[in-house]
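First to last, the protein sequences are chains A and B.
For the record, in the first sequence the residue sitting at position 265 is 265 according to full-length UniProt numbering, with numbers rising by one throughout.
For the record, in the second sequence the residue sitting at position 115 is 115 according to full-length UniProt numbering, with numbers rising by one throughout.
The beta-carbon is built from N, C-alpha and C at its ideal position, and this holds for glycine as well.
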Amino acid sequence: MGKENETESTKKRRKSVTTGVTTPVKDADMYKVITTYEEKEAMDRSPATDSENFLSMCENIRTLMDKIAKLKVNSEDSAKEEIRELQIQTSLAFIELKKLNRMEKFRTKFARDSLVAAKSSVDSRHLHLQNLLYEVMHLKKEVVKCLQFKSKDESIELVPEDEFYKEAPESVSRPEITKNDPHQLRLARLEWELMQRKQLAALCDELTDSKKGVAASIESKQTRLDNLAPQLRTILEASKPLQESLGLPLDKIRQEHQKAALLASPLYVLYAKATAYRDAYDSSLLVSIEGDDDDAKRVNSQEGSQDSDSDQDNQTDGVVEETPVHKKRHHRMSKEARLEEKKLRLLQRHPLSVRLVMVFKSNTKLTLNFFYMSYLNVVTLDATLDTENPGGVSAGDMLVSDSVLRELFPGDLGLESPNPANHYQLCRYGLGPFPSLQLGIPYNWAQRMAGLRFITSDNAKQMVAVNHGLAQDSVECVLKEIKRRVKARLELCSEIRQLESGNLSIFTDSSDPMPCKIATVLHKFNTLSWKSYSSFDNTPPFYQKGLVSPMDIFYEAVLRRESSELVAHIAIKPDYPRVPPIFSITLNPTVPASVDILRDIEREVNVMWEKPPTLSAQLQRLRACFDIYLETEGIVPQEKIFFHPVRGRTRARPYKYLTLGGGIFTHR
Amino acid sequence: MLEQKSCGMNEKSFYNTVQCQTFSADGNYLLAGNIYGDVSVYELSKVLGPYHGDDCDPRGPNYQFTAYKQQQVHSIIATDKFLITGTVGEISGWDWKVVTSNKVSKIKVSWTIHIPTVKDSYVKPDVNYMLISHEDNILHAGCGDNKIYTFSLEDGKLLRTLEGHEDFIHALSILGNQLASASEDGSVRLWDMRKKENTNVVKPFLADKVNRPKLGKWIGTVDFTEDWLLCGGGPKLALWHMRTMEVATIFDLPDQGIHLGSIHEERIIAGGAMPNVHHLTYQGEVLAEVPTSSNTIYSIVHQESPQKLLSMAGSSNNIDICTNFSYREMVLKFA
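Okay, structure coming up:
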């Protein structure tokens, strides 16, 4: 090996000598070349052999050193040569060693380089690996994502399979494939669904378009209508003078109807009935709605909460009673205030009222205002009668609006509310009887007209109410009745005016014949108050028997024939002339007469009529009776024709008049 | 209309006057007639029985019917077969069985006797008073034409006519063969049924003691026994001696005319235009004063059996009933 090294190294030297010879100029290159060469050499040689060489060299040197040392120690001259030889050998060995060392260094460097290269390659590989791992993970995620992905198609409601096969065309359903392949089936069904949906969408679009078209047309029409409104308004405005001149209350009717919708329901019924009556029968009747629309709207909107409100009241009342004493003062104050408020509310009228105006001849008109008591739930009436001429002193009372409509139907005085609940409601708040509250008069017929029905506690009254109920339900009947009543009153008024002025013309359509030649004259005719009427001696039996009531109108008539005087106290019933007036008579003391004489005359005047008589007719007969009595008694000379002055066990007088001949008087 | 009608009825009954009353032959019924032509029938056993009605509203009749629509029931009397009513110009008989049954409202007159009238006379006479002689079954009727007619109840034939009064007859009274009549002309005539002319005439208005010129001379009632004759009217009620025809007792009553006086067992019952019915002795002592509902009493009837009862009626819708003659037991309502 040593030889080899030697040969090699010689070769090297040679080589280096040759190269050095060929390129002497380039020293630096030489070094480079050598380095490159040595590097190559180092790579070509096996490190293991080099290591052995190194070790053997080292061993060689040691042995040589030993030999030198031994030789030195011997210090022989011969040895000197030998030592020299040995020294050369050792130096060569050292060069050899050096070379080996250098080789090693090269190799180490190379190894290091290669290590670094390997390391970097490992690193890059590692990186690559990591990249790949990451990629794998990502892909896994994606896969999971994909697996988790819910397709829209699952949520699509598909046509059932049977239907699908039935309806879908072959090209879509492809039964030969889809029957066996559920996926294909699904696809096919989805396809079919899609087709259908597309069709439907198209249809929808189409319809939407047409709808849009219609909407557009509506809008255009609406705008046209909107444009029309002002025009119409102007036309209406322009037509007003024409309407007025033609007397067509078209506008008013419209406004009235709008207002009518705001009426309380009973009044609405009344209004509807009244207008129907007006249109059907009597165009002279004026029907209108009074009051403020806005108030009515407000009240109507409040009405809904009313019930719960009252419940609350009850509850709080209960609570107040239970509150401890020391709080009571405070509570009482507020309670009083609240009570006052509730009182006011209880008596509240609905803001809208219905007004009927009936026009009679000679500028007389009767205005009927119907109010609705929102909480008392009754209809009240406020009537005013306007006449042209105020009438005489005694007639005045007769046309007082309240009395005109009194007892329009028997027993209907309007003194009590027909709603039995009201009595308790009013009592609860310590309010007086109904008439004292100034709320108008709650006639029964007004309730019936407005469609309100109540049950009275009095059975007899209830019977009457039932009997008359139908008539009172009909506005026609009631208004006719009112008309009749007012006419009767007006006639009575003029009758009384005539009587007051002493004129005794007979207002009668009675079938009972009337004598003409009467000597007794009406001396005086004047009105009486209930107080003075009831203070007379002869009147108590009448009001005790209920024939006369304080509601009637009272008059006093004084009849005279010569010195004989007859005083009649007359009670005119509210329902005159249907119910005749009741006369109660007295004679002045100079005329002898038993009680029954007066009774007979009264009977004759009050009862013995075929048809209800008029006041004048009664007065006329009274005068005749007085004449007859005086003549049969022989107090005045006989002027009338009668056969017997008295007849029968009752010694009755011939009060009955017959138109026989010139008119004769007979007994009944 | 119903209300008004009843209202009118109220007033009518307020002015009602009951002119005549009678008991049925068996004494079980009281009947009364009024000026409106109605007859009310009261069954006494029921009337006197317990009544739970209102005191203010007296008991009404058990049956009622309208005998004459346009005329008054001037007089009424009963036989055992018929109820007989008298009105203007006629006397009507009504079947008892129907009168006291529920069919009474549809009753039809059984027979009628017309009072003979002079042809030209427009006025028919009214039958003011009727009496029956039960022995010979004849009916005496005192009428408005100043005459007293006697009819046979068998066939309704006019048997006799008693003429002599100068004005209409107010009342009759009978005892045996003697008949007394009181008239508006102021006289009381006594008749013997066997003779044609009247046997005696009394004219109380000629006696100053009994005359009351203010009230007139008419005599409203007459009754007599064998010894005494009771009469009064415009003149005061007085007891006259039959044989001498002199005034024996003058009864001072606060009346405005006597319409009824009757003698019953030594007791004189007097009624008229005064507030009470007076029960008096022959001597004029007052036995009882019974207040009445009527201003004037036109009719008093009484019976002893089967029930002792006295009934007073007049110018009122009420009939006053006494079971013991001295006080008013109850009040009945005519209609």
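Residue 3 of chain B at chain A interface by Cβ criterion, 7 Å: What you label residue 3 of chain B is simply residue 3 of the second sequence in a count that begins at 1. Per-residue confidence for residue 3 of chain B stands at a pLDDT of 35, beneath the threshold of 50, marking its modelled position as unreliable; the derived number appears in the next sentence. Cβ-Cβ to chain A under 7 Å: yes for residue 3 of chain B.
Could you tell me whether the Cβ of residue 319 of chain B comes closer than 7 Å to any Cβ of chain A? One-based indexing of the second sequence puts residue 319 of chain B at position 319. Cβ-Cβ to chain A under 7 Å: no for residue 319 of chain B.
Report the residue from A:365, A:380, A:363 whose alpha carbon sits nearest the alpha carbon of residue 352 of chain A. Taking the first residue of the first sequence as position 1, residue 352 of chain A is located at position 352. Minimum Cα distance to residue 352 of chain A is reached at A:380.
Pick out whichever of A:112, A:100, A:621 has its Cα sitting closest to the Cα of residue 48 of chain A. Residue numbering aside, residue 48 of chain A sits at position 48 when the first sequence is read from its first letter. When each option's Cα is compared against that of residue 48 of chain A, the closest is A:100.
Residue 349 of chain A and residue 371 of chain A look like a contact to me (Cβ under 8 Å); what is the Cβ gap, rounded to whole Å? Along the first sequence, read from residue 1 onward, the residue named residue 349 of chain A stands at position 349. Along the first sequence, read from residue 1 onward, the residue named residue 371 of chain A stands at position 371. With 8 Å as the limit, residue 349 of chain A and residue 371 of chain A qualify as a contact, their Cβ atoms being about 5 Å apart.
Can you give the beta carbon distance from residue 542 of chain A to residue 584 of chain A, rounded, assuming they're within the 8 Å contact cut? As a first step, residue 542 of chain A is located in the first sequence; it is residue number 542 there, counting from the start. As a first step, residue 584 of chain A is located in the first sequence; it is residue number 584 there, counting from the start. Sure, about 6 Å apart at Cβ, within 8 Å.
Close beta carbons around residue 68 of chain B, own chain, < 7 Å, minus the five adjacent residues each side: Here residue 68 of chain B refers to the residue found at position 68 when the second sequence is read from its first residue. The residues are 37, 87.
Relative to the C-alpha of residue 297 of chain B, which residue among B:310, B:78, B:247 is closest? Looking up residue 297 of chain B in the second sequence gives position 297. Selected option, being the one with the closest Cα: B:310.
Inspect the CB distances between the region 74-82 of chain B and the region 26-34 of chain B and report whether three or more fall short of 8 Å. yes
Going by Cα to Cα distance, which pick from A:368, A:358, A:422 is closest to residue 378 of chain A? Translated into positions along the first sequence, residue 378 of chain A becomes position 378. Across the set A:368, A:358, A:422, the C-alpha of A:422 shows the shortest separation from the C-alpha of residue 378 of chain A.
Taking CB distances under 7 Å as the criterion, tell me whether residue 14 of chain B reaches chain A. As a working mapping, residue 14 of chain B is identified with position 14 in the second sequence. So yes, residue 14 of chain B belongs to the interface.
Since residue 657 of chain A is in the beta strand (DSSP E), which residue starts that stretch and which ends it? Walking along the first sequence from the start, residue 657 of chain A turns up at place 657. From DSSP, the beta strand (DSSP E) with residue 657 of chain A extends over 656-658.
In chain order, what residues of the same chain lie with their CB nearer than 8 Å to the CB of residue 179 of chain A, ignoring the 5 residues before and after it? Your numbering for residue 179 of chain A matches position 179 in the first sequence. Spatial neighbours of residue 179 of chain A in its own chain (CB-CB distance under 8 Å, excluding positions within 5 residues in sequence) are listed in chain order as 185.
Reference residue 267 of chain B, options B:57, B:147, B:239, B:183, closest by Cα: Here the question's residue 267 of chain B lines up with position 267 in the second sequence. Closest by alpha carbon: B:239.
Does the pairing of the region 636-645 of chain A with the region 15-30 of chain B give three or more beta-carbon distances under 8 Å? no
So which residues of chain B does residue 594 of chain A contact, with C-beta pairs closer than 9 Å? As a working note, residue 594 of chain A is residue 594 in the first sequence. Simply 215, 256, 257, 273, 295, 296.
In this structure, does DSSP put residue 155 of chain A in helix, strand or coil? Numbered from its first residue, the first sequence carries residue 155 of chain A at position 155. Residue 155 of chain A falls in the helix class under three-state DSSP.
Sort B:299, B:269, B:186 by Cα distance to residue 287 of chain B and report the nearest one. Along the second sequence, one-based indexing puts residue 287 of chain B at 287. Here the closest residue by C-alpha is B:269.
Helix, strand or coil at residue 428 of chain A according to DSSP, with G and I counted as helix: Residue mapping note: residue 428 of chain A aligns to position 428 of the first sequence, counting from 1. Note: residue 428 of chain A maps to helix in three-state DSSP.
Under 9 Å between beta-carbons, which chain B residues line up against residue 547 of chain A? List them in chain order, please. Position 547 of the first sequence, counted from the start, is the residue given in the question as residue 547 of chain A. Per Cβ cutoff of 9 Å: 7, 10, 11, 14.
Could you tell me the distance, in whole angstroms, from the CA atom of residue 521 of chain A to the CA atom of residue 276 of chain B? Mapped onto the first sequence, residue 521 of chain A falls at position 521. Mapped onto the second sequence, residue 276 of chain B falls at position 276. When rounded, the distance between both Cα atoms is 37 Å.
Residue 244 of chain B classed as buried or exposed, judged by whether at least 16 other C-beta atoms fall within 10 angstroms: Start at 1 with the first residue of the second sequence, and residue 244 of chain B comes out as number 244. By the 10 Å Cβ count, residue 244 of chain B comes out exposed.
Where does residue 308 of chain A sit, in a helix, a strand or coil, going by DSSP? For the purposes of this step, residue 308 of chain A is identified with residue 308 of the first sequence, where counting begins at 1. Unreliable positioning characterises residue 308 of chain A in this predicted model, as indicated by a pLDDT of 41, which lies under 50. The coordinate reading is nonetheless provided below. Note: residue 308 of chain A maps to helix in three-state DSSP.
Minimum Cβ-Cβ distance from residue 19 of chain B to chain A less than 7 Å: Residue mapping note: residue 19 of chain B aligns to position 19 of the second sequence, counting from 1. Residue 19 of chain B counts as touching chain A.
Report the option in B:41, B:192, B:274 whose CA atom is closest to the CA atom of residue 148 of chain B. Looking up residue 148 of chain B in the second sequence gives position 148. Of the listed residues, the one whose Cα sits closest to residue 148 of chain B is B:192.
Are the Cβ atoms of residue 229 of chain B and residue 251 of chain B separated by less than 7 Å? Within the second sequence, numbered from 1, the residue matching residue 229 of chain B stands at position 229. Within the second sequence, numbered from 1, the residue matching residue 251 of chain B stands at position 251. No, Cβ-Cβ distance for residue 229 of chain B and residue 251 of chain B is not below 7 Å.
Interface flag, residue 318 of chain A vs chain B, CB-CB below 7 Å: The residue you call residue 318 of chain A lines up with position 318 of the first sequence. Only weak support exists for where residue 318 of chain A lies, its pLDDT of 39 falling under 50; the value from the coordinates is given anyway. For residue 318 of chain A, the answer is no, since every Cβ of chain B falls outside 7 Å of its Cβ.
Out of A:35, A:555, A:576, point me to the one whose CA is closest to residue 107 of chain A's CA. In the first sequence, residue 107 of chain A corresponds to position 107, counting from 1. Measuring from the Cα of residue 107 of chain A, the nearest candidate turns out to be A:35.
Under 7 Å between the Cβ atoms of residue 89 of chain B and residue 111 of chain B? To locate residue 89 of chain B, count along the second sequence from 1; it is residue 89. To locate residue 111 of chain B, count along the second sequence from 1; it is residue 111. Cβ distance not < 7 Å, so residue 89 of chain B and residue 111 of chain B don't count as in contact.
Around the Cβ of residue 302 of chain A, are there at least 16 other Cβ atoms within 10 angstroms (buried) or fewer (exposed)? Working through the first sequence from its first residue, we reach residue 302 of chain A at position 302. Classification of residue 302 of chain A: exposed, given that the 10 Å Cβ count is below 16.
Would residue 302 of chain B pass as a contact of residue 289 of chain B if the rule is Cβ separation under 7 Å? Taking the second sequence and counting its residues from 1, the one referred to as residue 302 of chain B is at position 302. Taking the second sequence and counting its residues from 1, the one referred to as residue 289 of chain B is at position 289. Cβ atoms of residue 302 of chain B and residue 289 of chain B: not closer than 7 Å.
Between the region 216-244 of chain B and chain A, which residues of the former have a C-beta closer than 8 Å to a C-beta of the latter? 218, 220
Taking residue 652 of chain A as the reference, which of B:225, B:220, B:65 has the closest Cα? For this step, residue 652 of chain A is matched to residue 652 along the first sequence. Nearest C-alpha to residue 652 of chain A: B:220.
Keeping to the same chain, check which residues put their C-beta closer than 6 Å to that of residue 587 of chain A; ignore five residues upstream and five downstream. Residue 587 of chain A sits at position 587 when you count from the first residue of the first sequence. So the qualifying residues of the chain are 566, 593.
N-terminal and C-terminal residue of the alpha helix (DSSP H) that residue 183 of chain A is part of: The residue given as residue 183 of chain A occupies position 183 in the first sequence. Residue 183 of chain A -> alpha helix (DSSP H) spans 182-246.
Compile a chain-ordered list of the residues in the region 113-144 of chain B whose CB is closer than 8 Å to at least one CB of chain A. Going along the region 113-144 of chain B in chain order, one finds 122, 123, 126, 128, 129, 144 with a Cβ nearer than 8 Å to chain A.
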